[in-house]
Amino acid sequence: MEVRFKKPTIDLVVPCYNEEDGLTHFVEETNKIISTLPGYDFNYILINDGSKDKTYLVIKNLASTYSNIKYISLSRNFGKEAAMYAGLRNTTGDYVIVMDSDLQHPPSLFPQFLEAMQEGYDCCQCMRSSRVGESKIHSAFSRTFYRLSNKITDVKMPHGAVDYRIMRRQVVDSILELCEVQRFTKGIFSWVGFNTKWIPYENVAREIGATKWSFWGLFKYAIDGITAFSVAPLRFIAFLGFTISSLAFLYMLVVIIQTLIFGKDLPGYATTISISLFIGGITEFSIGILGEYIGRIYMEAKDRPVYICSKTNIEDFKTAKAPLNTQEATPAKED
Ligand code: UDP
Ligand code: MG
Numbered sequence: 002m003e004v005r006f007k008k009p010t011i012d013l014v015v016p017c018y019n020e021e022d023g024l025t026h027f028v029e030e031t032n033k034i035i036s037t038l039p040g041y042d043f044n045y046i047l048i049n050d051g052s053k054d055k056t057y058l059v060i061k062n063l064a065s066t067y068s069n070i071k072y073i074s075l076s077r078n079f080g081k082e083a084a085m086y087a088g089l090r091n092t093t094g095d096y097v098i099v100m101d102s103d104l105q106h107p108p109s110l111f112p113q114f115l116e117a118m119q120e121g122y123d124c125c126q127c128m129r130s131s132r133v134g135e136s137k138i139h140s141a142f143s144r145t146f147y148r149l150s151n152k153i154t155d156v157k158m159p160h161g162a163v164d165y166r167i168m169r170r171q172v173v174d175s176i177l178e179l180c181e182v183q184r185f186t187k188g189i190f191s192w193v194g195f196n197t198k199w200i201p202y203e204n205v206a207r208e209i210g211a212t213k214w215s216f217w218g219l220f221k222y223a224i225d226g227i228t229a230f231s232v233a234p235l236r237f238i239a240f241l242g243f244t245i246s247s248l249a250f251l252y253m254l255v256v257i258i259q260t261l262i263f264g265k266d267l268p269g270y271a272t273t274i275s276i277s278l279f280i281g282g283i284t285e286f287s288i289g290i291l292g293e294y295i296g297r298i299y300m301e302a303k304d305r306p307v308y309i310c311s312k313t314n315i316e317d318f319k320t321a322k323a324p325l326n327t328q329e330a331t332p333a334k335e336d
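If you're matching positions, the sequence shown starts at 2 in our numbering and goes up one per residue.
Right, dumping it as structure tokens:
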């Protein structure tokens, strides 16, 4: 009698925003690698993140050509984080790979990913060993961000960590248990923990299309990353306040003693102005930091759905608020 084993399934979660030119090439290239891995069943979950070009039509076209392509088309551009979340919530595979759709995350690393799974790791993530194809300012900014963020937050991310990774079902379910609305996925990946293997890879320049990041976008992303995982800036302003009031107290003693010894004295216009400007600046800065956190509380308190889908070909599609079957998130049983 023939015994048939079910092949392990792998879901590829791929956010796509204005990728009409490169998407078909991406699927073709990825399929080449998939065909060398016959022991696994691969499924695509392409998320059209409110693209302004013909990405949706390209995706529909691909879905009618390949039966393993599922898609989720969001009602507007919600951002890569939300798109990844929409994809992750709709995965069912034993393993999930999250990757970009511009071939900057080379599918040729799949065999290494699967090897890591066989070695018993829970996840395997890529880190850039070079920053080819990236502007100097982008890479300097990103280096500073990682240094700062690793120092002041609980999540430790190696410099160059990218959102290209494979994870076991249990890790995906754990990630989905974090239901914050403002998602900083790179940090969430680290925060959930699990045994992670890091593999370095050569960054490849984007061949088709253009990056969606602006400098301001990256700056906002960095602030989100830090405020989402740390209250160190709040502690910093408390420390600043304490230091300045201690110095002010010492200066007050000096002024009192001077007045007692030398009598009334009226110079000090420059000092007064400098101090009030300085204190004014610090106060504004502190209010700004407080505001950052209050803004985050405000957005979380609204509890809006992370994404809204307008079209999909997934049969039992899960909306952002639909309850999940988190049974699998229970710890792996060991003897
Ligand atoms: N992306 C997205 N929504 C956005 C911006 C980007 O889904 O609002 C997708 C994009 O299609 C790509 C991935 O996120 O698959 C990474 O984007 P990009 O290549 O612009 O970023 P970079 O590689 O320059 O960091
Ligand atoms: Mg890219």
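Positions of the beta carbon are idealized from the N, C-alpha and C atoms, including for glycine.
- Here DSSP, grouped into helix, strand and coil, assigns T197 to strand.
- Sequence-distant partners of G40 (beyond 5 residues in either direction) whose C-beta falls short of 7 Å from its own C-beta, in its chain, are K8.
- Pairing M158 with Y147 gives a Cβ-Cβ distance under 8 Å.
- Annotation for A64: the continuous alpha helix (DSSP H) segment containing it runs 56-66.
- DSSP places F279 in the uninterrupted alpha helix (DSSP H) bounded by 270-303.
- The C-alpha of R90 lies about 15 Å from the C-alpha of N49.
- With contacts defined by Cβ atoms closer than 8 Å, P234 and I290 form a contacting pair.
- Uninterrupted alpha helix (DSSP H) stretches at least 4 residues long and entirely within the stretch 32-108 occur at 56-66, 81-90, given in chain order.
- Beta-carbon to beta-carbon, F230 and D174 are separated by about 21 Å, too far to satisfy the 8 Å threshold.
- F79 has its alpha-carbon roughly 16 Å from the corresponding atom of L219.
- Here the distance from the Cβ of Q105 to the nearest heavy atom of the ligand UDP is below 7 Å.
- Measuring C-alpha to C-alpha distances from P107 to each of F240, F286, E208 identifies E208 as the nearest.
- Using a Cβ distance threshold of 8 Å, Q126 and A162 count as a contacting pair.
- One Cα belongs to P201, the other to R169, and the distance between them is close to 20 Å.
- Runs of the beta strand (DSSP E) spanning 3 or more residues and lying entirely within the stretch 124-212 occur at 124-129, 162-169, 197-202, in chain order.
- Judged by DSSP secondary structure, L325 falls outside any beta strand (DSSP E); it is assigned neither H nor E.
- Secondary structure at P306: coil, using DSSP grouped into helix, strand and coil.
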